[in-house]
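Colleague: The structure's right below; bear with me while I get my questions together.
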Amino acid sequence: MKHADIVSKMSLAQKARFVSGYDYWHLEEAPELGLPGIMMTDGPNGLRKQDTQNPHKTKIGLGNVIKTTCFPPAATSACCWDEELWYEEGRAMARECLAERVSVILGPGTNIKRSPVCGRNFEYFSEDPLLAGKSAAGIINGIQSLGIGASLKHFACNSQEAFRMVIDEIIDERAIREVYFPAFEIAIKESRPWTVMNSYNRINGVYASQNKWLQQDVLRDEWGFKGLVVTDWGSSVDRGPGIKCGTDLEMPSSGRLNTDRIINAVKNKTLDEAELDRCVSRVVDLILKAKPALSNTHTYNKQEHHEIAGKIAEGAMVLLKNEGNILPLKAGQKIAVIGELAEFPRFQGAGTSFIIPTRLDSALDELKKAGLDITYSRGYDRKRDFADRERINEAVSAAKAADVAVVFAGLTEEFEGEGYDRVDINMPSCHNALISEVAKANPNTVVVLAGGSVVYMPWVNEVKGLLNSGLGGQAGGAAVANILTGKVNPSGKTAETYPARFEDNPTFGNYPGGPVT
């Protein structure tokens, strides 16, 4: 066992404390043993660190966070198909972790997109295991190249948000090994992440956090994983069986509840102390890996990181349609820019990955900077699905007076996010109505599509141009403008299937499943 010399100096009570967090984000410390209390906090498309004067009373509140660089989420960055860009993104995130004294960033999310309506699809790379694994490995290698740990998540089969904490994923071994495991296996073998985060759900009746087959037989024995396994926040069901199967660290702190249970389990012989020692040694190993980076003060260049985010966004945006070379937009043309998403971009997902960016580019501002002759109409209220006739009429009038109409539309934050799934693949109906009416008024219509997952596009044959901008991160607005004006050649390729109908998806009719009762 590694670090037996350190573990042997700990009391049973101290060891029991060490396999749970100190608070919401920090691990236990033991200064007398040379073990500082390191911090792990959210990613995965940038550092989400809570800004608090009292870190030991931190809650999960999503708004009280420091400003950091918001890179394009995984659903978008996967579309660049570029291992060098993923690596560069990882290094940039690591520099921000160093500056904020964060030792482990929780990401990347590598779950397979089983259905296009999973609310958290924006946080995952692809339905394709190879692409998902290569994307994850590139980012992890970048992060860990600077002495910061990554946390590959959520292992495994966490492909829906509904009932995610209680769902039992019944799956045969061929399916799990051919579809749901390979991305994790690729990332484990090609990047050796410091940590793996398990999932909330059960797999064939056993919760991931206490699933020996998953965490010992496959992850460690077959794939050779040597790092630490951490629970997703609050996913520990029964700490004793979790320790036995190799769940090394419970996060966040259980308020000492499980500490007492572990001590009692060792004393009454239902938990072997050697099994506890094994988990403690992995926690110690993680702390010692992270310790060197804490010895210096670090800074990072915000402008440089903004440019990296922009480079990823430019490489990931996908030109899906360009009839008659409607794009790029040309000097001297009158351009009607339509849709609130041009002014107020949807640039990231919602939930625990939410980042307050260091700056935020809007496509409207960037198109104006490019010197184009632009009129702007809001078209809709992005916070509700209501076809406002006055706004639509205004947009139609602007389109009629323009050489080209560019409509910004897609999924707003009310339609997808962590904690819930969509019920279909439809866009807001007011967006669809707006696009159809604008296209009737001006056949030279281009749609810029935003969102973290695929959508049904009933108007696709009515428009000449279609650019999928995904969720472009904080520099996505400039990336869109650069592509529309021809400054950048669009090179992204889709990372998931766009079904012609929702019914064509294999999971239609049985997704999401419910808890077994």
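Numbering (the working numbering), first residue to last: 634 to 1150. The C-beta atom is built at its ideal place from N, Cα and C for all residues, glycine as well.
Considering only the beta carbon of each residue, do A975 and F1041 sit closer than 8 Å?
Modeller: Taking the sequence shown and counting its residues from 1, one reaches residue 975 at position 342. Taking the sequence shown and counting its residues from 1, one reaches residue 1041 at position 408. Yes, the Cβ-Cβ distance between A975 and F1041 is below 8 Å.
Colleague: For P990, which of helix, strand or coil comes out of DSSP?
Modeller: For the purposes of this step, residue 990 is identified with residue 357 of the sequence shown, where counting begins at 1. Strand.
Colleague: Hey, quick one: how far does the beta strand (DSSP E) through T1008 stretch, first residue to last?
Modeller: Position 375 of the sequence shown, counting from 1, holds the residue named residue 1008. Residues 1006 to 1010.
Colleague: Where does V799 fall in DSSP's three states?
Modeller: Position 166 of the sequence shown holds residue 799. Coil.
Colleague: Let's see if you can read the secondary structure: which residues bound the beta strand (DSSP E) around L763?
Modeller: As a first step, residue 763 must be located in the sequence shown, where it is residue number 130. Counting along the chain, L763 falls outside any beta strand (DSSP E), though it belongs to the alpha helix (DSSP H) covering 762 to 777.
Colleague: Assuming S736 contacts A926 (C-beta within less than 8 Å), just tell me the rounded distance between them.
Modeller: Translated into positions along the sequence shown, residue 736 becomes position 103. Translated into positions along the sequence shown, residue 926 becomes position 293. The pair is a contact, with the Cβ atoms about 7 Å apart (cut-off 8 Å).
Colleague: Indicate the three-state DSSP secondary structure (helix, strand or coil) for R724 in the structure shown.
Modeller: Your numbering for residue 724 matches position 91 in the sequence shown. Three-state DSSP puts R724 in a helix.
Colleague: Between A808, D1021, K822, R681, which has its C-alpha nearest A769's C-alpha?
Modeller: Here residue 769 refers to the residue found at position 136 when the sequence shown is read from its first residue. Cα-wise, what sits closest to A769 is K822.
Colleague: Of the choices G1119, K1073, F755, whose alpha-carbon is the least far from that of V1087?
Modeller: Walking along the sequence shown from the start, residue 1087 turns up at place 454. Checked all of G1119, K1073, F755; the closest Cα to V1087 is F755.
Colleague: Going by the DSSP bridge assignment, what does E883 pair with across the sheet?
Modeller: On the sequence shown, position 250 is the one that residue 883 refers to. Bridge partners of E883: S653.
Colleague: Near L953, which residues of its chain fall below 6 Å by C-beta distance, leaving aside the five closest residues on each side in sequence?
Modeller: For the purposes of this step, residue 953 is taken as the residue at position 320 of the sequence shown. Taken in chain order, the residues that qualify are L1099, N1101.
Colleague: Given a threshold of 16 other Cβ atoms within 10 Å of its Cβ, counted over all protein chains shown, does M634 qualify as buried or as exposed?
Modeller: Looking up residue 634 in the sequence shown gives position 1. Exposed.
Colleague: If you check the beta carbons only, do T880 and V862 fall under 8 Å apart?
Modeller: Along the sequence shown, read from residue 1 onward, the residue named residue 880 stands at position 247. Along the sequence shown, read from residue 1 onward, the residue named residue 862 stands at position 229. For T880 and V862, yes; Cβs fall inside 8 Å.
Colleague: Among the residues of its own chain, which have a CB less than 7 Å from the CB of M672, if the five just before and after it don't count?
Modeller: Position 39 of the sequence shown, counting from 1, holds the residue named residue 672. Same-chain partners within the cutoff: W658, H659, R734, V735, S736.
Colleague: For N960 and D675, I'd like the C-alpha separation in whole angstroms.
Modeller: Locating residue 960 in the sequence shown gives position 327, counting from the first residue. Locating residue 675 in the sequence shown gives position 42, counting from the first residue. For clarity, residue 960 is Leu in the given sequence; the question names Asn instead. Roughly 38 Å separates the two Cα atoms.
Colleague: Per DSSP, A983 forms a beta bridge with which residues?
Modeller: Locating residue 983 in the sequence shown gives position 350, where the first residue counts as 1. In DSSP, A983 forms no bridge with anything.
Colleague: Where do the N-terminal and C-terminal ends of the beta strand (DSSP E) with D675 fall, by residue?
Modeller: By 1-based counting over the sequence shown, the position of residue 675 is 42. Where D675 is concerned, the enclosing beta strand (DSSP E) stretches over 673 to 675.
Colleague: Where does A1031 sit, in a helix, a strand or coil, going by DSSP?
Modeller: As a first step, residue 1031 must be located in the sequence shown, where it is residue number 398. A1031: helix per DSSP, three-state reduction.
Colleague: Taking the beta carbon of Q966 as the centre, do at least 16 other beta carbons fall within 10 Å, making it buried, or is it exposed?
Modeller: The count along the sequence shown starts at 1 and reaches residue 966 at position 333. That one is exposed.
Colleague: Leaving out five residues on either side along the sequence, give the residues of the same chain with a beta carbon under 7 Å from the beta carbon of R1015.
Modeller: Taking the first residue of the sequence shown as position 1, residue 1015 is located at position 382. Closer than 7 Å at the Cβ level, and outside the excluded window around R1015, lie E973, L974, F977, T1045.
Colleague: Could you name each continuous beta strand (DSSP E) segment of 3 residues or more that falls completely within the segment 1040 to 1088, going from the start of the chain to the end?
Modeller: The qualifying runs are 1078 to 1083.
Colleague: Once you ignore the five residues that flank K922 on each side, which residues in its own chain have a CB closer than 7 Å to its CB?
Modeller: Numbered from its first residue, the sequence shown carries residue 922 at position 289. For K922, where only same-chain residues beyond five positions count, the Cβ hits under 7 Å are G782, W827.
Colleague: Tell me which residues share the same chain as A727 and place their Cβ nearer than 6 Å to its Cβ, disregarding the 5 neighbours each side in the sequence.
Modeller: Position 94 of the sequence shown, counting from 1, holds the residue named residue 727. Only I776, L779, I781 meet the Cβ criterion.
Colleague: Would you identify the three-state DSSP class for K914, choosing helix, strand or coil?
Modeller: Numbered from its first residue, the sequence shown carries residue 914 at position 281. Note on residue identity: the sequence assigns Ser, not Lys, to residue 914. In this structure, S914 counts as helix in the three-state DSSP scheme.
Colleague: Where does K1126 fall in DSSP's three states?
Modeller: For the purposes of this step, residue 1126 is identified with residue 493 of the sequence shown, where counting begins at 1. Residue state, collapsed to three classes: coil.
Colleague: Counting only the same chain and skipping the five closest in sequence on each side, list residues whose C-beta sits under 8 Å from that of I941.
Modeller: Here residue 941 refers to the residue found at position 308 when the sequence shown is read from its first residue. So the qualifying residues of the chain are T702, F704, E721, E722, A725.
Colleague: Are the segment 931 to 938 and the segment 903 to 911 touching, with three or more C-beta to C-beta distances below 8 Å?
Modeller: In short, these stretches do not touch, since the Cβ pair count stays below three.
Colleague: Compute the Euclidean distance between the alpha carbons of P688 and G740, then round it to the nearest angstrom.
Modeller: In the sequence shown, counting from the first residue as 1, residue 688 sits at position 55. In the sequence shown, counting from the first residue as 1, residue 740 sits at position 107. Any reading at P688 must be qualified, since the residue scores a pLDDT of 49, below 50, and its modelled position is unreliable; no value is offered.
Colleague: DSSP three-state call for Q966: helix, strand or coil?
Modeller: Residue numbering aside, residue 966 sits at position 333 when the sequence shown is read from its first letter. The answer is coil: DSSP assigns Q966 none of H, G, I, E or B.
Colleague: Return the residue from the list N791, G838, Y833, L731 that minimises the CA-CA distance to I803.
Modeller: Along the sequence shown, one-based indexing puts residue 803 at 170. For I803, the nearest C-alpha among the options comes from G838.
Colleague: Out of I1116, G1105, L1117, P1145, which has the shortest C-alpha to C-alpha gap to S710?
Modeller: Your numbering for residue 710 matches position 77 in the sequence shown. Checked all of I1116, G1105, L1117, P1145; the closest Cα to S710 is G1105.
Colleague: If I measure Cβ to Cβ from D684 and keep anything under 8 Å in the same chain, skipping five residues before and after, which residues do I get?
Modeller: For the purposes of this step, residue 684 is taken as residue 51 along the sequence shown, with counting starting at 1. Counting only Cβ-Cβ distances below 8 Å, and skipping sequence neighbours, we find N697, V698, I699.
Colleague: Take S1062 and list the residues in its own chain whose beta-carbon comes closer than 8 Å to its own, dropping the five residues that flank it on each side.
Modeller: By 1-based counting over the sequence shown, the position of residue 1062 is 429. Taken in chain order, the residues that qualify are D1018, A1020.
Colleague: Are the Cβ atoms of D994 and A1108 separated by less than 8 Å?
Modeller: For this step, residue 994 is matched to residue 361 along the sequence shown. For this step, residue 1108 is matched to residue 475 along the sequence shown. Going by C-beta atoms, D994 is nearer than 8 Å to A1108.
Colleague: I'd like the list of long-range same chain contacts for G1012, defined as Cβ closer than 6 Å, with 5 residues on each side in sequence excluded.
Modeller: Position 379 of the sequence shown, counted from the first residue, corresponds to residue 1012. Around G1012: I971, G972, R1024, A1028, L1067.
Colleague: Across which residues does DSSP place H659 in a beta bridge pair?
Modeller: Taking the sequence shown and counting its residues from 1, the one referred to as residue 659 is at position 26. DSSP, once it has assigned bridges, lists M672 as partnering H659.
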